[in-house]
């Protein structure tokens, strides 16, 4: 079967499997066949679940705009859609603007004559690194307060490997004597350590085995603690750091790829310090519509807003019976989290911190709080959300949540309870409690504490 020689009417009678086989055979080399066929079959044919003659321009856009799709998949799909357009199977006007018909036809004639040229590109050697989800797990673990010495040792190993370039021998040589007044003497350098590690060195000084005798063992325990299946090694962490480090083209300093380190000036990416300097001294304008400014929580915000309104209507309409009580209470809690997320996002929308708000913490009750947010200066705020469907000044709070609040407040961190009353109404009422352990408006009643307004 010669795909170039048959008519449109003949082509659309072919089933998907036969067509795909002929397409890959005739336009790609033998070496490329297996990979091209499997990727087109999985990411195009099976993805849309319809005959290739029914493909439309929107299908093409879905693949090309899919962030998770590799460049190879997009290229193969582009060639497939281009061929279908050349055979007039695709008739959407939008294709005419991106595929010049005569040139496309000429292109496929040349491909059949020189198809051995269209081989898969040789894969680039890549560093073994942490997957994105695993990196987020480690960062979340680091943010959670703990006094447990083993967990603090895990945190210190992660912090030093992720922030600095010390070798394993330097890390293993760390003793409590190396720490003094917030500074750690390691190797030939002295570095500032976050306050969270003061407790670690105080406890180490009281131990007979003072120090780090097994770095790989600590990292293995860390991987198990956060749920990483990959073998967590010092080199893997260093590779991840290297891949996630960018160089500012203006000052040539290196920073992590975290969004708060960067801004866009005249369509160029520069570090925040250089951005501030360029704006103040030279009068350049930061681009509010630059792509980097759009990589924030706006899509999440829009989605949550729609879900919030939808769920509020559903709950109000259905009402509550005893069989659904637990289910409804959980749903009210989730609505409260979405409501608070919206408020925090709106508060930070014109700052670099809007993109850093994290509500995924609520998925794990072990954390003891629901949302990690920020104030306008970039200081972290640990938020516990309490939502009710009534206008009564009372809510339930667990002992674990109170313990978490106590630990965070004692360590100098900001812990707030966002109490949202009447969550199903058009105008929920928000009360922010900046110290749930010492607030004259509420008293604790019972073991799983119910907070009642004492006024």
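Numbering (the UniProt record's numbering), first residue to last: 1 to 455. We treat Cβ as the ideally placed atom computed from N, Cα and C, and that holds for glycine.
Assigned secondary structure, residue i (DSSP; H/G/I helix, E/B strand, else coil)
i	result
residue 89	coil
residue 185	strand
residue 404	helix
residue 436	coil
residue 210	coil
residue 63	helix
residue 190	strand
residue 4	coil
residue 25	helix
residue 130	coil
residue 14	coil
residue 81	helix
residue 97	coil
residue 426	coil
residue 69	coil
residue 19	helix
residue 55	coil
residue 49	coil
residue 321	Its pLDDT being 47, under 50, residue 321 is placed unreliably in this model, and the value from its coordinates should be taken loosely. In this structure, residue 321 counts as coil in the three-state DSSP scheme.
residue 341	helix
residue 367	helix
residue 411	coil
residue 332	helix
residue 30	helix
residue 195	helix
residue 75	helix
residue 175	coil
residue 230	coil
Same chain only: Cβ atoms within 7 Å of residue i, ignoring 5 sequence neighbours per side
i	result
residue 274	248, 250 and 251
residue 407	145
residue 428	339, 420, 421 and 422
residue 156	197 and 200
residue 74	63 and 64
residue 228	134 and 137
Segment limits, alpha helix (DSSP H) that includes residue i
i	result
residue 163	149 to 163
residue 389	Here residue 389 belongs to no alpha helix (DSSP H), and DSSP marks it neither H nor E.
residue 223	215 to 226
residue 241	234 to 243
residue 144	Note, residue 144: premise wrong, no alpha helix (DSSP H); not H, not E.
residue 38	33 to 40
residue 199	198 to 204
residue 168	168 to 172
Close beta carbons around residue i, own chain, < 8 Å, minus the five adjacent residues each side
i	result
residue 413	145, 380 and 382
residue 21	37
residue 33	24 and 25
residue 457	This structure cannot speak to residue 457, because the chain is shown only from 1 to 455.
residue 243	127 and 129
residue 238	161 and 165
residue 112	4, 26 and 27
residue 225	141, 151 and 154
Residues sharing a beta bridge with residue i, DSSP
i	result
residue 453	442
residue 180	183
residue 373	381
residue 264	269
residue 358	372
residue 431	419
residue 247	254
Boundaries of the beta strand (DSSP E) in which residue i is found, first to last residue
i	result
residue 107	Not the beta strand (DSSP E): residue 107 falls in the alpha helix (DSSP H), residues 101 to 113.
residue 256	254 to 256
residue 421	414 to 421
Other residues of its chain near residue i: CB distance less than 6 Å, five sequence neighbours each side excluded
i	result
residue 53	12 and 89
residue 436	405 and 417
residue 415	382, 405, 408 and 409
residue 9	none
residue 14	none
residue 179	201
residue 149	203
residue 152	200
residue 43	73
residue 234	161 and 168
Contact the stretch 209 to 228 vs the stretch 181 to 190: 3+ CB pairs below 8 Å: no
Stretch-stretch touch, CB-based, cutoff 8 Å, three pairs: the stretch 43 to 60 with the stretch 89 to 100: yes
Inter-stretch contact at 8 Å, needing at least 3 Cβ pairs: the stretch 167 to 176 / the stretch 383 to 403: no
Inter-stretch contact at 8 Å, needing at least 3 Cβ pairs: the stretch 131 to 138 / the stretch 196 to 207: no
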